[in-house]
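So for the sequence shown, full-length UniProt numbering puts the first residue at 1; every next one is plus one. Idealized CB from N, CA, C, for every residue including glycine. On a predicted model such as this, the values are computed, not experimentally measured, just so you know.
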Amino acid sequence: MPQATVFHPARRTGLLINIPAAVLLLGGSAAFIWLSAQQQVGSSFLLLLLLALALLAPLPLVAYRIYALLQSGYTLDRESLTLRWGLRSQVIPIYDVEWIRPADELGFHLPLPRLGWPGAYLGARSVEGLGLVEFMAAETDGMLLVATPERIYVISPTQPRDFINTFLRSAEMGSLSRVAAVSSRPAAFLQEVWSDHLARGMLLAGVGLTLALFILVTLLIPSRAQISLGFLPNGAPVEPGPSERLLLLPVLAGLVTAADVALGLYFYRHEDQRLAGYFIWSASGLTALLLIIATFFLIR
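Structure representation (structure tokens):
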């Protein structure tokens, strides 16, 4: 048998659903922010702003699931079966695999994880007759159950029959060395980031300065009826609008901070790219600081 065989889940359906969903959430939020900037003082302004924030709330989850789907795979060799889904990975010694069985041969309907959809059937739940079941699958068609002493994993390789045959050949050949089970979870990665003093300081600075900007504009709004938020090409200030529009500045800072945190995490997980992660995280605090300075110039 060759060194290792990598099987991938079907990605097309998941990407066709999740990528447009992310674009719609981001585009809808941007549209509501733009509409709120056109409103006068009143409930319409706050309602549109709240709608923009509501659309942004699920965006990190959808974006992570796109990334996780692209970084997913099941690797088989003589020593182990490695399951990977985004930041989640599980190395299972080949001798710990008790059996592999298609889900449609269970004799009953396998309950799917909560908040699961095509491209992202993820999470663990207890199933009567099976015990703890953890899903790392993209589609319900062709799901396979991989039983271990600890739990059962549900996966969805594009070629389930080939996967089973490859596993059987690996098991028949036997393991050349004993491999320890290794589990990596997103929570452990986030704990590693938080324990890094430099990373933690940059993240707290970005969030803290964004909150400071929000407090600043909420204190300034009652003291001014109108304010100009920009300049025309000839250098003249744009027509003043309601001072509540200052709330758009912390919203902008929050969007930048959220994007920088996510992008920084992507680079930080690679040892040789952590410097890029630090630079990106520092940019969120710098953006909020520049917006604070700009706010003082606007009220002069």
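Endpoints, the beta strand (DSSP E) within which P233 is located = Looking at the DSSP string, P233 is not in any beta strand (DSSP E), and its letter there is neither H nor E.
Take every Cβ of the segment 61-74, pair it with every Cβ of the segment 104-114, and state whether three or more of those distances are shorter than 8 Å.
-> The segment 61-74 is not in contact with the segment 104-114.
What number of angstroms, rounded off, separates the C-alpha of L249 from the C-alpha of H197?
-> Roughly 28 Å separates the two Cα atoms.
Does DSSP put I92 in a helix, in a strand, or in coil?
-> In the structure shown, the three-state DSSP call for I92 is strand.
Quick one, are the C-beta atoms of I100 and A147 less than 9 Å apart?
-> For the pair I100 and A147, the CB atoms are nearer than the 9 Å cut-off.
Can I66 and A52 be called in contact, C-beta distance under 9 Å?
-> In this structure, A52 does not lie closer than 9 Å to I66 by Cβ.
Just the Cα atoms here: how many angstroms apart are M274 and Y268?
-> Here residue 274 is Arg; the residue named in the question, Met, does not match the sequence. C-alpha separation (whole angstroms): 4 Å.
Residue interval of the beta strand (DSSP E) (run including L112) | Careful: L112 lies outside any beta strand (DSSP E) and carries neither H nor E.
Nearest-angstrom Cα distance between G73 and P157?
-> Taken atom to atom, the span from the alpha-carbon of G73 to that of P157 is near 8 Å.
Starting from R161 and walking both ways along the alpha helix (DSSP H), at which residues does that stretch end?
-> First-last of the alpha helix (DSSP H) with R161: 160-173.
Contact set for A181: own chain, Cβ-Cβ below 7 Å, skip 5 residues either direction | So the list reads V91, I92, P93, D96, once near-sequence residues are dropped.
Who are the Cβ neighbours of R200 in its own chain at under 7 Å, not counting the five residues just before and after it?
-> Result list for R200: W194, in chain order.
Backbone CA spacing between L291 and L190 [nearest angstrom] = Each residue's CA atom was taken as its position, placing L291 and L190 some 28 Å apart.
Closest Cα partner of L14 within the set L76, G28, T140 | A quick correction: the sequence has Gly, not Leu, at residue 14. Closest option to G14, Cα to Cα, is T140.
Take S223 as the anchor and find which of D162, P242, Y278 has the nearest alpha-carbon.
-> Ranking D162, P242, Y278 by CA distance to the CA of S223 puts P242 first.
Hey, out of A22, A120, R185, whose CA is closest to I155's CA?
-> Nearest Cα to I155 within the set A22, A120, R185: A120.
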